[in-house]
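Q:
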Amino acid sequence: MKKLTEKEEQIMQIVWRMKRAFVKEILDEMEEPKPPITTVSSIVRKLEAEGWLGHDAFGKTHRYFPLVGKEDYRRTYFRQLMQDYFGGSPEQLLSFFVEDQESDPEELARLLRAIKEKDDQ
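So for the sequence shown, this note's numbering puts the first residue at 1135; every next one is plus one.
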């Protein structure tokens, strides 16, 4: 599974959230400055050709829906990110968060509890 470009990911986030959407609806949900509708349409067709989206036809209009789940993409992308930046090591990843001055101590405490719960299973 390839990493999506910024615009592809923005479109997929919208479709994941809406479940089914026409190109115009996707465009309406995009942040300013909005790209031309032809650009959105091209990206959507590319995502469909690559197996990310499917469509229902309504005459000449298509309503698109995700074929790849958000959780599947997140899991795959995160594993790649962990491999690229932390040598595939969950320990290095967690150390990064622990050592980060901006990490919220409460979030770190919840993370520690989650690790202990997983360990107890």
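Quick reminder that beta carbons are idealized off the backbone N, C-alpha and C, glycines included.
Restricting to Cα atoms, I'd like to know which of Arg1244, Val1232, Glu1140, Val1149 is closest to Glu1257.
A: Only positions 1135 to 1255 of the chain appear in this structure, which leaves residue 1257 out of reach.
Q: So what does DSSP say about Pro1167, is it helix, strand or coil?
A: Mapped onto the sequence shown, residue 1167 falls at position 33. Three-state DSSP puts Pro1167 in coil, outside helix and strand.
Q: If contact is defined by three or more beta carbon pairs under 8 Å, each pair taking one atom from either stretch, is the stretch 1235–1250 in contact with the stretch 1179–1195?
A: No: the two stretches stay apart, fewer than three of their Cβ pairs being nearer than 8 Å.
Q: Measure how close the beta-carbons of Tyr1198 and Glu1182 come, nearest whole angstrom, since I'm counting them as under 8 Å.
A: Taking the sequence shown and counting its residues from 1, the one referred to as residue 1198 is at position 64. Taking the sequence shown and counting its residues from 1, the one referred to as residue 1182 is at position 48. Contact holds; Cβ gap of about 7 Å.
Q: I'd like the ranges of any beta strand (DSSP E) spanning at least 3 consecutive residues and lying wholly in the stretch 1149–1230.
A: You should have 1187–1192, 1195–1200.
Q: Note the first and the last residue of the continuous alpha helix (DSSP H) segment covering Leu1246.
A: Walking along the sequence shown from the start, residue 1246 turns up at place 112. From DSSP, the alpha helix (DSSP H) with Leu1246 extends over 1239–1254.
Q: Residues in the same chain with beta-carbon distance under 7 Å from Leu1227, minus the five sequence neighbours each way, listed in chain order, please.
A: By one-based count along the sequence shown, residue 1227 stands at place 93. Answer for Leu1227: Met1216, Phe1220, listed in chain order.
Q: Going along the chain, which residues of its own chain have a beta-carbon closer than 7 Å to the beta-carbon of Arg1244, five neighbours each way excluded?
A: Translated into positions along the sequence shown, residue 1244 becomes position 110. Same-chain partners within the cutoff: there are none.
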